[in-house]
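Everything on this sheet refers to the single structure shown next.
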Amino acid sequence: MTALWKNIGLWLKLEQLVQTVRGCFALWWYATTHSHVLKIVPVNAVFHRQIFFTGVEAWGIVGIFGFLCGTLVITQTTSLVGGDSELTVKVLIWTVVREVGPLFAAIIIIARSSAAIASELALMKTRNEMTQLLWMGISPQDYLVVPRIFGVTLAVVALTIYFQVVAVGGGLAVSALFQNVSYLDQIGRFLNTVKLSEFVLVAFKGCLFGIAISTISCYNGMQAQPSVTEVPKVAIRAVLQSLLFVFTLDALIAYFNMAT
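Quick note, the numbering used here runs 9 ahead of the 1-based positions in the sequence shown.
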């Protein structure tokens with residue numbers, strides 16, 4: 010009997026996950042096909058506010074984490090392999106550029122924005138603000154969801170690139186200091202070693218992560234029941250589901266890269 014209840018619970022969770030994936034995809038498709046609403050002045054204002062909150066206000070903390078990440082990778086690599094400058098640069102590319110950079114940037118965005126977006130939309134639903142928008146002939150999805158999805162996605166791509174620049178620049182500076190080599194020589198080794206496809210993959214990852222984070226956050230906020238107790242629940246679900254999907258996407262991309 011216990012095993013039966015466990016199987017039922019597992020099935021219900023799987024069904025809920027599938028429903029969430031379908032709902033998020035439908036929401037993303039709606040935003041993609043209604044991107045023209047960004048030309049409307051009030052919607053455009055929401056779009057710019059979202060970019061400011063998700064992107065501009067996070068530059069400081071993202072820069073700190075980027076520098077610390079690059080420094081940590083370099084110090085650990087130097088302690089293990091010594092003063093091999095070329096290997097240090099390669100490790101920096103393998104870890105920061107390919108994997109850690111996009112993933113860390115996405116995690117910071119999730120911590121800052123995912124719960125905030127879900128909570129904000131849930132509160133608006135609790136206060137019947139979405140119903141009032143409908144009474145005024147304004148689509149809540151056009152006014153609330155579309156600018157947030159595009160704003161967060163653009164901010165994640167920009168912050169991912171910014172994280173990479175700070176992490177690589179800081180890491181190369183620390184490696185030049187520890188290994189007693191020229192900083193410009195380290196930059197030259199990095200530029201000669203890194204490939205253009207690496208930056209294309211970074212931008213692609215940032216775009217996918219941004220779409221996943223924004224869509225999941227908006228979906229959970231829009232699905233909240235009109236009750237104040239729903240606000241922390243949707244915030245927690247938005248964060249956990251965003252983390253799950255980001256790590257899953259990263260693992261799938263790594264698998265396809267390894268397969269090809």
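Ideal Cβ positions, reconstructed from N, Cα and C, are used throughout, including at glycine.
Since we're looking at a predicted model, the values are computed, not measured.
Secondary structure of residue i, DSSP reduced to three states
i, result
"Ser-128", "helix"
"Thr-238", "coil"
"Gly-64", "coil"
"Ser-123", "helix"
"Ile-147", "coil"
"Val-55", "helix"
"Glu-24", "helix"
"Gly-72", "helix"
N-terminal and C-terminal residue of the alpha helix (DSSP H) that residue i is part of
i, result
"His-45", "First-last for His-45: undefined, no H or E at that position."
"Arg-157", "155 to 188"
"Glu-138", "138 to 144"
Pair within 9 Å by beta-carbon distance, residue i and residue j
i, j, result
"Thr-63", "Gly-160", "yes"
"Ile-292", "Leu-168", "The structure shown does not extend to residue 292, since the chain spans only 10 to 269, so no value can be given for it."
"Gly-110", "Phe-172", "yes"
"Leu-130", "Met-231", "yes"
"Val-155", "Val-46", "yes"
"Ile-158", "Ala-40", "yes"
"Thr-80", "Val-183", "yes"
"Ala-127", "Val-243", "yes"
"Thr-140", "Ala-233", "no"
"Val-177", "Gly-219", "no"
#### Entry: Any alpha helix (DSSP H) of 4 or more consecutive residues that is wholly inside the stretch 82 to 116
94 to 101
### Query
Which runs of the alpha helix (DSSP H), 4 residues or longer, sit entirely within the stretch 202 to 267?
Within the stretch 202 to 267, the complete alpha helix (DSSP H) runs of at least 4 residues are 205 to 231.
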